[in-house]
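A short write-up of the structure that comes next.
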Amino acid sequence: MSFTIEIITTGDELMTGLTADGNFFWAGDILASRGLEAAYHTTVGDYMERIIEAFGIARGRADAVIVSGGLGPTDDDLTAEAAARFLGTGLELNREALASIEARYRKRGRVMTEINRKQACLPKGCTVLVNEWGTAPGWRSESEGTVFYFLPGVPRDFRAMMEAYVLPGLERAAAGRPAAKTRLVRTFGLPESGVAERLAGMEREGVRLGYRAHFPEVHLRVTAYGASADAAESLLAEMTDDITARLAGYVFSVNGETMEEVLGGLLRERGLTLATAESCTGGLIAHRVTNIPGSSEYFLEGVVSYSNEAKEKILGVPHDALVEHGAVSGPVVEAMARGVRKLAGSDIGVAVSGIAGPGGGTPEKPVGTVYIGTDSASHGAGSERFLFFGTREEIKLATSSRAIMTVMQILLNNV
Numbered sequence: 052m053s054f055t056i057e058i059i060t061t062g063d064e065l066m067t068g069l070t071a072d073g074n075f076f077w078a079g080d081i082l083a084s085r086g087l088e089a090a091y092h093t094t095v096g097d098y099m100e101r102i103i104e105a106f107g108i109a110r111g112r113a114d115a116v117i118v119s120g121g122l123g124p125t126d127d128d129l130t131a132e133a134a135a136r137f138l139g140t141g142l143e144l145n146r147e148a149l150a151s152i153e154a155r156y157r158k159r160g161r162v163m164t165e166i167n168r169k170q171a172c173l174p175k176g177c178t179v180l181v182n183e184w185g186t187a188p189g190w191r192s193e194s195e196g197t198v199f200y201f202l203p204g205v206p207r208d209f210r211a212m213m214e215a216y217v218l219p220g221l222e223r224a225a226a227g228r229p230a231a232k233t234r235l236v237r238t239f240g241l242p243e244s245g246v247a248e249r250l251a252g253m254e255r256e257g258v259r260l261g262y263r264a265h266f267p268e269v270h271l272r273v274t275a276y277g278a279s280a281d282a283a284e285s286l287l288a289e290m291t292d293d294i295t296a297r298l299a300g301y302v303f304s305v306n307g308e309t310m311e312e313v314l315g316g317l318l319r320e321r322g323l324t325l326a327t328a329e330s331c332t333g334g335l336i337a338h339r340v341t342n343i344p345g346s347s348e349y350f351l352e353g354v355v356s357y358s359n360e361a362k363e364k365i366l367g368v369p370h371d372a373l374v375e376h377g378a379v380s381g382p383v384v385e386a387m388a389r390g391v392r393k394l395a396g397s398d399i400g401v402a403v404s405g406i407a408g409p410g411g412g413t414p415e416k417p418v419g420t421v422y423i424g425t426d427s428a429s430h431g432a433g434s435e436r437f438l439f440f441g442t443r444e445e446i447k448l449a450t451s452s453r454a455i456m457t458v459m460q461i462l463l464n465n466v
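Sequential numbering from 52 applies to the sequence shown in our numbering.
What follows is the structure, given as structure tokens:
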């Protein structure tokens, strides 16, 4: 028997496109990672009757409903009143909720304003979910066998309260149903259609495979169901191994890690260091690598040598190479990688130079042409040409990903 979950996100800013619906995307992902599934998603603007209508529709088809947004102190924060009308309970000043708001203000060294009392007016009979991360408390209510979780729309508060209250409650409620195990397989280098083509015919009973294009990557959510957790895990491992075999060379993670995390793990495991020299990416590679806590153990230095003069002066790229081959060329990125490696004293140097567009392309080197060069102790210098497509931002992102993958491949080949 399935356990049906619906997510309702509220706010005019979502309906008009002013704000991306990040809470839904995050919640859907974390539910899937726990073997749970959001069967429905509704987004509704700040209109009382529409919000009440959305609650009624959700009650008719879901075992649990997660509501995000509309718990603030302003006039357009309607969720509490809409919930009270829907539940038929009316609102009351909830002393527990009020105390939690007052405590939050005291912790910040501020005095709670009268307008914030509105956030403590909740449907009668609800169970308060104390917000330790912000001022708006949440709550839990039940109606005709469906449980509703009402959470703030502030992403930090929403995520923390999901993990503290909602996920444990949903997992308890779903107990007794088939065990589910899930993994996120992340790939780079093939379009979604190419991944699907290689995995054609892999469908099997007890396994669900979901695709998500997440430029420039393609992600696969693999979920296996079994009579027990061990049975589900065994089926999941078998399916993941098959996927990895069919996508050999394109899978960089089977547990959801980012490229930067995988790269960092490989460098740390081997006790090696990295330096970057970037032209077209403007420091994006270094930014991504240093986003990982502890990256100072293996990342030594990053140089943004955007001009030819910087390539010569800082990295020692030969003037003749720039004149003969141009800044976007194999010999130049190899010299950049060699130069930054020498400058930093690192084990590996990686360099990129390209034409991110929208202008600057030629018939010989159209927009999207990128060269990636590396230099390492055991492999020496090498370079490869790529042609990426998309906007300027997409070309820069794809280039940074390919550069990280290139270093990973060197590490996996035992630099």
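For every residue, glycine included, the Cβ atom is placed at its ideal position computed from N, Cα and C.
Looking at C-alpha atoms only, which residue of the options is the closest neighbour of residue i?
{"i": "residue 54", "options": "127, 142, 196", "result": "196"}
{"i": "residue 442", "options": "150, 430, 419, 434", "result": "419"}
{"i": "residue 254", "options": "290, 227, 205, 321", "result": "290"}
{"i": "residue 300", "options": "109, 133, 392, 460", "result": "460"}
{"i": "residue 447", "options": "176, 346, 145, 331", "result": "331"}
{"i": "residue 116", "options": "148, 366, 218", "result": "218"}
{"i": "residue 216", "options": "228, 405, 192", "result": "192"}
{"i": "residue 359", "options": "98, 404, 345, 140", "result": "404"}
{"i": "residue 112", "options": "59, 151, 188", "result": "59"}
{"i": "residue 294", "options": "316, 246, 264, 386", "result": "246"}
{"i": "residue 393", "options": "434, 379, 328, 375", "result": "328"}
{"i": "residue 98", "options": "221, 325, 132", "result": "132"}
{"i": "residue 210", "options": "222, 184, 199", "result": "184"}
{"i": "residue 387", "options": "161, 433, 407", "result": "433"}
{"i": "residue 130", "options": "365, 199, 262", "result": "199"}
{"i": "residue 79", "options": "263, 364, 146", "result": "263"}
{"i": "residue 243", "options": "268, 165, 364", "result": "268"}
{"i": "residue 431", "options": "398, 106, 306", "result": "398"}
{"i": "residue 266", "options": "259, 281, 241, 260", "result": "241"}
{"i": "residue 114", "options": "375, 429, 222", "result": "222"}
Taking the alpha helix (DSSP H) that residue i falls in, what are its first and last residues?
{"i": "residue 376", "result": "370-376"}
{"i": "residue 295", "result": "280-297"}
{"i": "residue 184", "result": "Where residue 184 is concerned, there is no enclosing alpha helix (DSSP H), given that its DSSP letter is neither H nor E."}
{"i": "residue 149", "result": "146-158"}
{"i": "residue 111", "result": "Segment: none, residue 111 is in no alpha helix (DSSP H) and carries neither H nor E."}
{"i": "residue 450", "result": "443-463"}
{"i": "residue 136", "result": "130-138"}
{"i": "residue 366", "result": "359-366"}
{"i": "residue 311", "result": "310-321"}
{"i": "residue 263", "result": "Element bounds for residue 263: not the alpha helix (DSSP H) but the beta strand (DSSP E), 258-265."}
{"i": "residue 79", "result": "73-84"}
Measuring CB to CB, does residue i end up less than 7 Å from residue j?
{"i": "residue 424", "j": "residue 384", "result": "yes"}
{"i": "residue 381", "j": "residue 355", "result": "no"}
{"i": "residue 86", "j": "residue 231", "result": "yes"}
{"i": "residue 208", "j": "residue 167", "result": "no"}
{"i": "residue 72", "j": "residue 65", "result": "yes"}
{"i": "residue 103", "j": "residue 75", "result": "no"}
{"i": "residue 348", "j": "residue 319", "result": "yes"}
{"i": "residue 377", "j": "residue 391", "result": "no"}
{"i": "residue 171", "j": "residue 142", "result": "no"}
{"i": "residue 212", "j": "residue 176", "result": "no"}
{"i": "residue 150", "j": "residue 174", "result": "no"}
{"i": "residue 95", "j": "residue 70", "result": "no"}
{"i": "residue 202", "j": "residue 279", "result": "no"}
{"i": "residue 101", "j": "residue 194", "result": "no"}
{"i": "residue 317", "j": "residue 462", "result": "yes"}
Assuming the contact rule is C-beta atoms closer than 8 Å, residue i and residue j should be a hit. Round their C-beta distance to whole Å, please.
{"i": "residue 351", "j": "residue 395", "result": "4 Å"}
{"i": "residue 453", "j": "residue 437", "result": "6 Å"}
{"i": "residue 277", "j": "residue 257", "result": "6 Å"}
{"i": "residue 148", "j": "residue 179", "result": "5 Å"}
{"i": "residue 367", "j": "residue 326", "result": "Residue 367 to residue 326, Cβ: 14 Å. No contact."}
{"i": "residue 451", "j": "residue 336", "result": "5 Å"}
Taking the continuous beta strand (DSSP E) assigned at residue i, which residues delimit it?
{"i": "residue 201", "result": "197-202"}
{"i": "residue 270", "result": "268-277"}
{"i": "residue 206", "result": "Premise fails: residue 206 lies in the alpha helix (DSSP H), 206-212, not in any beta strand (DSSP E)."}
{"i": "residue 426", "result": "420-427"}
{"i": "residue 41", "result": "Shown here, the chain extends from 52 to 466; a query on residue 41 therefore has no answer."}
{"i": "residue 234", "result": "230-239"}
{"i": "residue 350", "result": "350-355"}
{"i": "residue 406", "result": "Run containing residue 406: none; DSSP gives neither H nor E here."}
{"i": "residue 330", "result": "Careful: residue 330 lies outside any beta strand (DSSP E) and carries neither H nor E."}
Measuring only between beta-carbons, confirm whether residue i sits less than 7 Å from chain D.
{"i": "residue 272", "result": "Of the protein chains in this structure there is only one, and it is not chain D."}
Cβ of residue i versus every heavy atom of the ligand NAP: is any distance shorter than 6 Å?
{"i": "residue 263", "result": "For the ligand NAP, the structure offers nothing, since it holds no ligand at all."}
Self-check item: the segment 270-286 / the segment 227-239 touching (three or more Cβ pairs under 8 Å)
Solution: Under the Cβ criterion (8 Å, minimum of three pairs), the segment 270-286 counts as touching the segment 227-239.
Quiz item: Can you find at least 3 beta carbon pairs, one from the segment 336-345 and one from the segment 411-418, that sit closer than 8 Å?
Solution: For the pair of segments examined, the segment 336-345 was found not to touch the segment 411-418: the number of CB pairs separated by less than 8 Å stays below three.
Quiz item: Three or more beta-carbon pairs under 8 Å between the segment 124-133 and the segment 82-92, yes or no?
Solution: By the Cβ criterion, the segment 124-133 is not in contact with the segment 82-92, since fewer than three pairs of Cβ atoms, one from each stretch, lie closer than 8 Å.
Practice problem: Would you check if the segment 311-322 and the segment 363-374 touch, i.e. whether three or more CB-CB distances between them fall below 8 Å? | Solution: Judged by Cβ distances under 8 Å, the segment 363-374 makes no contact with the segment 311-322, as fewer than three pairs qualify.
Quiz item: With contact counted as at least three CB pairs below 8 Å, one residue from each stretch, are the segment 280-288 and the segment 240-251 in contact?
Solution: No, the segment 280-288 is not in contact with the segment 240-251.
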